[in-house]
Each structure stands twice: as C-alpha cells, then as structure tokens.
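**Q** Before we start, here is the structure in question, set down as structure tokens.
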C-alpha cells in the first residue's frame, strides 16, 4: 500500500478502506489492504477482521468468511457480536447446513458472546427459507428464554415458516405460551399472524386470533381492524364489515385513513355507492384527513354508481386542498358522467385532466370509449380511439369491447365485426365480454349461422355461456325452423347455467 511518509493511517482508516472495497466487490484489494496492516505496525483487531469477514460474506464467499473467523481466533483476536452475526448471516444465505449454523450459534454462546435480536432473526430467516418448523420453534423458544424481545421481523419469519408448512396454528400456540409465561406479545405479533390468515382467506382462524389477543389484554389497533375488515370485505360479507366497524368505534379504537380507505374500497366494489359517500362525510367529520387513495377509491365508486354530482364535488374538494387529481380520479369522474349519459361533461373532464398535467391511462380512454359506446355514438368512439393511438397508448380487450359495443348500439353491425377482426390482427386476446358482444351483434343483425358459430366459439374458449347468451340463442332459433332438438338442447344448457349460478 503506497503512502506518503507523513501519512500514518491507523486501524480505523484501514477498516474503512476495507469496507469500501468490500462494497465494490474488490476482495483481492481488501485482502491486500488487510495484509498491509502488520507491515506498517498497525495492529489488527476485531474491527478490521470483522470488516474483512463482512466483505467476503456480502459477496457470497461464506467459506472464506468462516476461515477468517477461525484465523482471528488462532491469532487470539476475540470475535464480538457483530463478527458472529456477520458470519452467521453470510453462512445462512450461502446455504450452510443447519447443524453447522447451530454450531456457530453454540460456539458464540460458549465464548460468552450473547446472541441479540439480529442473531435470532438471522436464524429464523434461514428456517423460513428452508421450511424448518421444529428448528424455528426451538430458536423462538431459546430467544424468549434468554430474554431477547422479539420484533416485527421475528414474528414475520415465524409466521412465514409455519405458513409454508400449513401450520399457522403453531404460531398461535407460541403466542399463547408467551401470554401464560407473563411475556405478553405486542400488537405487532398478533397483526402479523392475522395478516397471514387474511392472505389465506381464513376468517374463522383470524377471528380466533383476534379474540385471543383481546382475552390476553392486548387491545387491537386500527391496523388490526383494517386487516379483518379487508378480509370480510374480500369475501363479500358486508354485514360483518359493518358490525366489526361498529365494534371498532365502540371500543374507542380510532379509525385512520387506511381503515376508511379499506371500507371505501370494499363497499365500492360491492356496489354500495351511496354508503361510500356517507363514509367519506363521516371521515371528514371525524377529522381523519383523506389521502389520494381515499379520493381515488371514492371517485371510483361514484363512477360505477353514476353519482356524477358527488364525483364532481369530490374533484372540486381535491382542487381546494391543492391536490392534483390523479388519472384514476379523473377516470372515475368520466365514468360517473358516462353512466348518467352526460357525454359532453365526460369529454370536458377528459380534456381538463390533460390541461392540468394528469396523463390519461388506458383505463381513462376506455372509460370515455364506453361512455360514447353506451349511446351508440360510434363516430365519437372512433375519434377517441384515434387520440388514444396518437398518444402512444396501446389498446386492450376492454378498448375493443367498447368499440364493438359502440358500433352495435349504433346499428353498424358490419363495422362491429371488422373491429373484432382488427382485434385479432392486433394480437389482443378476446375475453368473455368480447365474445358475448360479438354474439349480440349477430343476434341483432339476425345472422343465425354466424350467431351459432359464435356461441360454439364461446364454449370452445372454455367459457360457460351466460344466461344472456342462452336467451339470445333461444330467440334466434325461435325465429327460424330450428326448433325441436336445438331448443331442447339450449334449454337444457340454460337450466344447468341457472343452477350453477
């Protein structure tokens, strides 16, 4: 290592240099600097050794990290907690056998180096990635017995381990043991477990954990309720959502913006559009500040419900708050106007978003396309599609569905089929709505054979035709001489569809 005579670096400087070189992956340079230390009478302590071990460990060379650990001990340099944590972490990530990892863990304890939260979490991370349930339980118990308090990362790894094994109940048992021993788990531990059950859609088990934490004297917080509200909402259990939200308020747990956002999303997707607006007003009255997610969910619901006046007021409120409405918010407003058949207002909203710098997305364009399509304004649909293409936004199945619907509503059946062919040429896969829309084109055009072929194509896609499809085909056959067998066959299929539904 070349240096001026007046420059006498100490171990601290050497350690910094090794660390920098290690981050860049320059391991040979790291070792060169490390070997240079005794040449210039700079002693090597636990700090420089740990820096070198970390350099090799972070670059995936855990074998060398282990060798350096043994070497420093031979040179009577005692490893500290950081040294062992670095070695164990690199070995765990490198795939060292579990028994050898435990050997390092035992070694550090034997030498009087007490494992800390980082040590235990590293071992639990290894258990999670390898699916080692018994081992994770052992590490967790040892951790509690040694007086090291678990954190959110600890519980996350424990939950991940037993979730992979399909044994989440084991986590509840471990928490119960902590409760009985007087080591009360914190709210984060219960919430992590609740989230795991929620991801699996396990309402019964999640509510069991919820009641367990209440019985243990651990009061749920807003995040706890949000997890459960989202779980109930995702399964369409709206009455349970309302009941749980009421329980939350009765228990004096203040809902936060995240809680209201979940409620707005749940009821918006469930079709309870006016209830969503009421929730928003409650939120404002309770001085809970709405965020962009709140406004987006709110306007989305207004859009689906055709509540254009509410959508307009929300947009004005955002402007008053100095918030630039997002593309998603504007899309909701356009959808609301479209549902109400207010075509000019929808177009004004679309043009306004461009003026304020909110860039339309494919969903925005699709919303405007469907707005005009519902009224059969196929020329306006074509103009929007042209703007969409010129803006560089690719069309998806929903875009083509809107175009087909616009032509159908406008009585331009031939153009509707051309749009379907163009969709195929553009390599855009049709969905159930596309196939049904094309069938309706043939139905209204009175094209029996084409309708029959389209009906068979729907089934060829592995889609069970909707009741509307069956009704259209029944009407088509009823107007022809194809009664008898065809009608009986269709009626049989319709009965099956209704029973399944």
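Numbering (the working numbering), first residue to last: -9 to 491. For glycine and all other residues, C-beta sits at the position ideal for the given N, C-alpha and C.
Return the chain-ordered list of same chain residues with a C-beta closer than 7 Å to the C-beta of residue 6, the five sequence neighbours on each side being excluded.
**A** Residue mapping note: residue 6 aligns to position 16 of the chain shown, counting from 1. Cβ neighbours of residue 6 within its own chain (closer than 7 Å, five residues either side excluded): none.
**Q** Given a cut-off of 8 Å, decide if residue 81 and residue 91 are closer than it, judged by their beta-carbon atoms.
**A** Stepping through the chain shown from its first residue, residue 91 is reached at position 101. Stepping through the chain shown from its first residue, residue 81 is reached at position 91. Taking 8 Å as the Cβ cut-off, residue 91 and residue 81 qualify as a contacting pair.
**Q** Looking at the structure shown, is residue 141 part of a helix, part of a strand, or coil, going by DSSP?
**A** Counting from one through the chain shown, the residue named residue 141 turns up at place 151. Residue 141: coil per DSSP, three-state reduction.
**Q** Name the residue from 390, 156, 432, 224 whose alpha carbon lies nearest to the alpha carbon of residue 416.
**A** The sequence position of residue 416 within the chain shown is 426, counting from 1. Nearest to residue 416 by C-alpha distance, out of 390, 156, 432, 224, is 390.
**Q** Under a Cβ-count criterion, where at least 16 other Cβ atoms within 10 Å of its own Cβ denotes burial, should residue 4 be classed as buried or exposed?
**A** Taking the chain shown and counting its residues from 1, the one referred to as residue 4 is at position 14. Flag for residue 4 reads buried.
**Q** In chain order, what are the residue ranges of uninterrupted alpha helix (DSSP H) at least 4 long that sit wholly in the region 401 to 485?
**A** If we require 4 residues or more, the alpha helix (DSSP H) runs fully inside the region 401 to 485 come out as 403 to 415, 422 to 435, 438 to 450, 457 to 468.
**Q** Using 10 angstroms around the beta-carbon of residue 236, count the other beta-carbons present and answer buried if the total reaches 16, otherwise exposed.
**A** Position 246 of the chain shown, counted from the start, is the residue given in the question as residue 236. The residue in question, residue 236, is exposed, as its Cβ has fewer than 16 Cβ neighbours within 10 Å.
**Q** From the DSSP output, in three-state form, read off residue 109 for me.
**A** Here residue 109 corresponds to residue number 119 of the chain shown, with the count starting at 1. Looking at residue 109 - three-state DSSP - the assignment turns out to be helix.
**Q** Would residue 311 be called buried (16 or more neighbouring beta carbons within 10 Å of its own) or exposed?
**A** Reading the chain shown from its first residue, position 321 is the one you call residue 311. Answer is exposed; the Cβ neighbour count stays below 16.
**Q** Compute the Euclidean distance between the alpha carbons of residue 52 and residue 144, then round it to the nearest angstrom.
**A** By one-based count along the chain shown, residue 52 stands at place 62. By one-based count along the chain shown, residue 144 stands at place 154. In a straight line, the C-alpha of residue 52 is about 23 Å away from that of residue 144.
**Q** Which residue spans inside the region 328 to 378 form an unbroken alpha helix (DSSP H) run of at least 4?
**A** 333 to 345, 352 to 364
**Q** Decide if residue 489 is buried, meaning its Cβ has at least 16 other Cβ atoms within 10 Å, or exposed.
**A** Reading the chain shown from its first residue, position 499 is the one you call residue 489. Its pLDDT being 48, under 50, residue 489 is placed unreliably by the model, and the measurement read from it follows with that caveat. Exposed, by the Cβ-count rule.
**Q** Just the C-alpha distance for residue 277 and residue 270, rounded to the nearest angstrom, thanks.
**A** Within the chain shown, numbered from 1, the residue matching residue 277 stands at position 287. Within the chain shown, numbered from 1, the residue matching residue 270 stands at position 280. Answer to the nearest angstrom: the Cα atoms are 11 Å apart.
**Q** In whole angstroms, what is the alpha-carbon distance linking residue 76 and residue 112?
**A** For the purposes of this step, residue 76 is identified with residue 86 of the chain shown, where counting begins at 1. For the purposes of this step, residue 112 is identified with residue 122 of the chain shown, where counting begins at 1. Residue 76 and residue 112 have their C-alpha atoms some 10 Å from each other.
**Q** Tell me which residues share the same chain as residue 150 and place their Cβ nearer than 7 Å to its Cβ, disregarding the 5 neighbours each side in the sequence.
**A** Counting from 1 along the chain shown, the entry for residue 150 is found at position 160. 118, listed in sequence order.
**Q** Which residue's Cα is closest to the Cα of residue 296: 321, 141, 86, 178?
**A** Translated into the one-based positions of the chain shown, residue 296 becomes position 306. Out of 321, 141, 86, 178, 321 has the C-alpha closest to the C-alpha of residue 296.
**Q** With 16 other CB atoms within 10 Å as the buried threshold, where does residue 444 fall?
**A** Within the chain shown, residue 444 is the residue found at index 454, counting from 1. Residue 444 is buried by the Cβ-count criterion.
**Q** Out of 433, 448, 456, state which residue places its alpha-carbon closest to the alpha-carbon of residue 468.
**A** As a position in the chain shown, residue 468 is number 478, starting the count at 1. Minimum Cα distance to residue 468 is reached at 433.
**Q** Here's the rule I'm using: 16 or more other beta-carbon atoms within 10 Å means buried, otherwise exposed. How should residue -4 be labelled?
**A** Counting from one through the chain shown, the residue named residue -4 turns up at place 6. Model confidence at residue -4 stands at a pLDDT of 46, short of 50, so the residue's coordinates are unreliable; what they give is reported in the following sentence. Exposed, by the Cβ-count rule.
**Q** Please return the same chain residues whose Cβ sits closer than 8 Å to the Cβ of residue 9, not counting the five positions on each side in sequence.
**A** By 1-based counting over the chain shown, the position of residue 9 is 19. These residues qualify, in order along the chain: 41, 44, 45.
**Q** Please classify residue 426: is it buried, with 16 or more other beta-carbons within 10 angstroms of its beta-carbon, or exposed?
**A** Taking the first residue of the chain shown as position 1, residue 426 is located at position 436. With 16 or more Cβ atoms within 10 Å of its Cβ, residue 426 is classed as buried.
**Q** Apart from the five residues just before and just after residue -7, which ones in its own chain have a Cβ nearer than 6 Å to its Cβ?
**A** Within the chain shown, the letter at position 3 stands for residue -7. Below a pLDDT of 50, predicted positions are generally treated as unreliable, and residue -7, at 49, falls in that range; the measurement from the model is reported next regardless. Closer than 6 Å at Cβ, skipping near neighbours: no residue.
**Q** Where does the unbroken alpha helix (DSSP H) through residue 28 begin, and where does it stop?
**A** For the purposes of this step, residue 28 is identified with residue 38 of the chain shown, where counting begins at 1. Note, residue 28: alpha helix (DSSP H), 17 to 29.
**Q** For residue 176, name the three-state secondary structure that DSSP assigns.
**A** Position 186 of the chain shown, counted from the start, is the residue given in the question as residue 176. Three-state result, residue 176: coil.
**Q** Beta-carbon separation of residue 333 and residue 365 under 8 Å?
**A** Translated into positions along the chain shown, residue 333 becomes position 343. Translated into positions along the chain shown, residue 365 becomes position 375. Yes, the Cβ-Cβ distance between residue 333 and residue 365 is below 8 Å.
**Q** Looking at the structure shown, is residue 308 part of a helix, part of a strand, or coil, going by DSSP?
**A** Here residue 308 refers to the residue found at position 318 when the chain shown is read from its first residue. DSSP places residue 308 in helix when its eight states are reduced to three.
**Q** Quick one: residues in its chain with C-beta nearer than 8 Å to the C-beta of residue 21, no 5 flanking neighbours on either side, listed in chain order?
**A** Numbered from its first residue, the chain shown carries residue 21 at position 31. Counting only Cβ-Cβ distances below 8 Å, and skipping sequence neighbours, we find 42.
**Q** Quick check: what's the CA-CA separation for residue 182 versus residue 221?
**A** In the chain shown, counting from the first residue as 1, residue 182 sits at position 192. In the chain shown, counting from the first residue as 1, residue 221 sits at position 231. One C-alpha to the other measures close to 14 Å.
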